[in-house]
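Here is the structure we will look at, set down as structure tokens.
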Amino acid sequence: MNYGPLIFLAAFFALASSWFGFVLAPQVQVGRLQQTNTLVLSLTYPTARPGLARQGLDVYRASGCAACHTQQVIQTNTVCQVFLTDAGTNQARIRALLENLAGSVEDEMILLIDHSKPILKDATPEGADDLVKALTAAGAKAYRENVALGPDIARGWGKRQSVADDFLYDYPVMLGSQRIGPDLAGVGARLPDENWHLRHLYAPKSVVPGSTMPPYRFLFERRKIEHGASPDAMAVEGDYEIVPATEARELAAYLTSLRADAPLFVAPLTVPPPPPSPATNTSQSSAGVTPGPGEATTNAAPK
Amino acid sequence: MSVKEINFSCRLPLLVLFISAAIWLVICSALTLIASLKFHSPTFLADISWLTYGRVRPAASNAMLYGFCLQAGLGVALWLLAHLGRTPLAGRGLATLGAALWNLGVTIGVGGILGGDSTGFDTLEMPRYAVVIMFLGYLVLGLWGVITFHRRAQRTLFVSQWFVFTALFWFPWIYTTAEMLLVARPVRGVAQAIIAWWYADNLLVVWLGLVGIATVFYLVPKLLKVELHSHYLALLTFWMLLLFGSWGGIPGGAPVPAWIPALSGAATVLMVIPLIAVTVNIYATTQQIVPKTPYLPGLAPHYLPLDTRRLTLSNSLRFLLFGVFAFFIAGVMRVTSVLADPRPMLRFTWFDFAQNQVQTYGFFAMIMFGATYFILPQLTDTEFPSPKLIRAHFWVAALGIGLLVVPLATGGIIQGFQLMNPTIAPLTVAKNALHFLRVSTLGDLLLLLGHLIFLVNLAGWASGFYRARAAAAFAVMTEDLFKPSEAPAS
């Protein structure tokens, strides 16, 4: 008996199953993803990148930046914190609630007064919500904060994990597979200065000492100085100056547009406090706030 | 149909396929070496846009995959279909044209990547205009393969035929899917990344696996003059490879719906079944003639018969057994990488890159070398000029792969641990990995040397063949000249 056609059919179905699973099903699930609203402020997310940045994506693709840089922040866990913003007038009730949380009376006093410290740390969402409810019932004002955890977050590469929504309008989607340099998913939030990026592309070591990134001088052009050096000049060589070519400007615009940090339902992030907000950001230094200039250098080091 | 006729029918297309494959291999090595040297000095060739790291690296991997792996794989596949079907290769003129088209496509594609026209998708970087030509070439080649299969005189099928025939069909399926949905009419968002991962996995694990394993299942028993240990194990390998191999490839922690990497990880772990099945099957096959030894099979070739004809054979056997060993290692590395992934550790490191190199170089390329050294002398009845050079090729390539992969894998694991620790600055992590990368440059150099030896071997063989043909033709042409002088004597 000739089993040939039967075998062929079976092999065909075995292989086709993966096509249904990993081509068709994802297309149905995420291929039709629409814009969503961010938590709290209800802004539309994501929005298409501005024109120059869109063209910069092509420079990023053509130069193969994705060979060394990923755009995927990985989050290993999420914990919740509770902040007290206003203790209200029912002091006895509030103190009773805080007593369970604080180790000593001094701690309890600090919790009551210093609103920059969370009164509850490393909690589950349910636990945090319960406390917020209890405090609200007692007339105080408190809010819950979600803190993303993981080495990438701690390095300041992003505030939350990368999710499908972040890449909705990009073509091609270049998630990258190797971290020879740092992750770039949130580089625009970390290093928002386009001129910094231009200097870095022209001569990486000039802004990041010891950088292992190759210079991208072919994105810059050498032109004769006509009426005094241009303010954008990277370097002046006699009568000539080095200025960024269009590609360099586009790439810098693209890099600064990379800021996947909107709080979304699928990736909840710090819910900003109600209007009178006492310094919540500073309390959260480990969760990746925009670093100062000194920190910026270390964070972006081997780009 | 005599074996001679079958061999004659394969001669021209296979000659074109194997020699172009060898040339692509050298090009790939040269590009890899440039990429590797950039880790010694970032400014090395940095001012030339088409030699920047981000273009050289994908150009090298595309030259390797499409220039060498698929090309040599197709050559071996066509030969297997003709031989196992006991029928001459159909349409050999057109098949040669297909090979020429394929090479034209790969040339344009690699040039396109260097010129900045990469599509930006891993393993699919070739621009659209090159893909069309390449795909046309594939269709022509594949079509004649299918026709040869259809015309087979030997109706009962050997397992290798299942493998090869399925591979012939599966490539156009995955390639058109990926090109249609990523390049021609792109889907939105991360669905692109999922499809690209699916394609890369199906090419590297399923396609290369099917063709490479088909080759060892046929050639190893043939070279040892024994039967394949177990056909049932071989069939199990086939079905498991199709079922689980095609579902792999999507890394944990990717920004996609969580069920996708979970399913993919489970399938990758289940790939240990075909992995063990292949290794056991080949090991048991070798044990049929090799006495029990404390050494690994394949590293003890002196146990094999040693007359002159078999010397070449045992040389190609060496490559094949190394390939099976690397197949096992590559599989174990893939599973390790998946199991380490819940807290993504080895992802984004050099470990996955090393795994990829074991799969393409250690497993597939080595098996293709072994097959080439076996097949070519049969096509023309011309031996390779120097068995010593073949042995040299083996040792240089084996050492090169070792020196490439071991430092990268070790460096990758260390890099993984350091990336997990946020107190270590990313620049420090990158600099620590540099030491390992610089050692692996030695491996790249050795591989380049090995590929040059391969090319020299092929060139020596081809020139030997054509010299013999020219001498024969000359003898026929000059027969008349000598006749008069011979006539009086007789």
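Chains as they are written, first to last, in numbering that gives the first Met the number 0: chain A, 0 to 302; chain B, 0 to 489.
Idealized CB from N, CA, C, for every residue including glycine.
Within 10 angstroms of the Cβ of residue i, are there 16 or more other Cβ atoms? Answer buried if so, exposed if not.
i, result
"Ala257/B", "exposed"
"Ile107/B", "buried"
"Phe473/B", "exposed"
"Ser489/B", "Any answer about Ser489/B is weak, because its pLDDT of 46 lies below 50 and its placement is not dependable; what the coordinates show is given next. When all chains shown are included, Ser489/B counts as exposed."
"Asp121/B", "buried"
"Phe19/A", "exposed"
"Asp121/A", "exposed"
"Lys37/B", "buried"
"Val58/A", "buried"
"Arg60/A", "buried"
"Leu14/B", "buried"
"Thr86/B", "buried"
"Val475/B", "exposed"
"Thr348/B", "buried"
"Glu178/B", "buried"
"Phe12/A", "exposed"
"Ala253/B", "buried"
"Pro381/B", "One detail in the question is off: residue 381/B reads as Thr in this sequence, not Pro. Label assigned to Thr381/B: buried."
"Gly209/A", "exposed"
Residue i: which of the options sits nearest, CA to CA?
i, options, result
"Pro421/B", "Ile73/A, Tyr2/A and Ile109/A", "Ile73/A"
"Tyr231/B", "Asn280/B, Thr359/B, Ala370/B and Thr371/B", "Asn280/B"
"Val146/A", "Lys158/A, Ala136/A, Thr135/A and Gly138/A", "Lys158/A"
"Phe264/A", "Ile109/A, Ala163/A and Thr245/A", "Ala163/A"
"Val75/B", "Gly369/B, Cys27/B and Gly361/B", "Gly369/B"
"Thr371/B", "Asp351/B, Trp460/B, Leu203/B and Met344/B", "Trp460/B"
"Glu244/A", "Arg221/A, Arg154/A, Glu125/A and Val81/A", "The sequence shown places Ala at residue 244/A, rather than the Glu named in the question. Nearest C-alpha to Ala244/A: Arg221/A."
"Leu14/A", "Leu202/B, Ala432/B and Gly72/B", "Leu202/B"
"Val139/B", "Phe435/B, Val2/B and Leu93/B", "Leu93/B"
"Val395/B", "Gly66/B, Leu135/B and Phe318/B", "Phe318/B"
"Ala65/A", "Leu268/A, Arg258/A and Leu254/A", "Leu254/A"
"Leu257/A", "Val242/A, Ser161/A and Phe217/A", "Ser161/A"
"Ser439/B", "Leu446/B, Val455/B, Ala424/B and Pro406/B", "Pro406/B"
"Phe352/B", "Leu8/A, Ala188/A, Ser176/A and Pro25/A", "Ser176/A"
"Ala153/A", "Gln34/A, His68/A, Val39/A and Asn76/A", "Asn76/A"
"Leu240/B", "Gln414/B, Leu142/B and Val163/B", "Val163/B"
"Ala458/B", "Val215/B, Leu100/B, Gly415/B and Leu388/B", "Leu388/B"
"Tyr215/A", "Leu5/A, Arg248/A and His226/A", "Arg248/A"
"Val204/B", "Trp49/B, Met270/B, His39/B and Phe324/B", "Met270/B"
"Tyr282/B", "Asn431/B, Val225/B and Leu441/B", "Val225/B"
"Ala95/A", "Gln70/A, Phe166/A and Ala137/A", "Ala137/A"
"Ala213/B", "Leu180/B, Ala339/B, Leu69/B and Trp161/B", "Trp161/B"
Less than 9 Å between the C-beta atoms of residue i and residue j, yes or no?
i, j, result
"Leu426/B", "Thr43/A", "no"
"Ala81/B", "Ile5/B", "yes"
"Phe321/B", "Met365/B", "yes"
"Ile412/B", "Val357/B", "no"
"Ala504/B", "His450/B", "Since the displayed chain B opens at 0 and closes at 489, residue 504/B lies outside it and no answer follows."
"Arg127/B", "Leu83/B", "no"
"Leu110/A", "Leu83/A", "yes"
"Ala117/B", "Pro41/B", "Per the sequence shown, the amino acid found at residue 117/B is Ser instead of Ala. No, the Cβ-Cβ distance between Ser117/B and Pro41/B is not below 9 Å."
"Arg91/B", "Ser8/B", "yes"
"Gly66/B", "Cys27/B", "yes"
"Thr359/B", "Leu207/B", "yes"
"Gln354/B", "Ala408/B", "yes"
"Ala467/B", "Val172/A", "no"
"Val189/B", "Leu174/A", "yes"
"Leu446/B", "Thr31/B", "yes"
Return the Cβ separation of residue i and residue j in integer angstroms, given the expectation that the two are a contact with Cβ distance under 8 Å.
i, j, result
"Arg333/B", "Leu32/A", "With a Cβ gap of about 30 Å, Arg333/B and Leu32/A do not count as contacting."
"Ile132/B", "Leu103/B", "6 Å"
"Leu200/A", "Leu250/A", "7 Å"
"Leu79/B", "Tyr217/B", "6 Å"
"Ser229/A", "Glu240/A", "6 Å"
"Ser35/B", "Asp443/B", "5 Å"
Does the CB of residue i have a neighbour CB from chain C at under 9 Å?
i, result
"Asp238/A", "Protein chains in the displayed structure are A and B, and chain C is not among them."
Is there contact here, the region 267-275 of chain B with the region 43-63 of chain A, by at least three beta-carbon pairs under 8 Å?
no
Are the region 136-155 of chain A and the region 171-181 of chain B touching by the rule of at least three beta carbon pairs closer than 8 Å?
no
Is the region 126-146 of chain A touching the region 221-235 of chain A, taking contact as three or more C-beta pairs under 8 Å?
no
Any chance the region 76-94 of chain A sits against the region 180-187 of chain A, with 3 or more Cβ pairs inside 8 Å?
no
Would you call the region 141-160 of chain B in contact with the region 193-200 of chain B, where contact means no fewer than 3 C-beta pairs closer than 8 Å?
no
Between the region 257-268 of chain B and the region 232-248 of chain B, do at least 3 Cβ pairs fall closer than 8 Å?
yes
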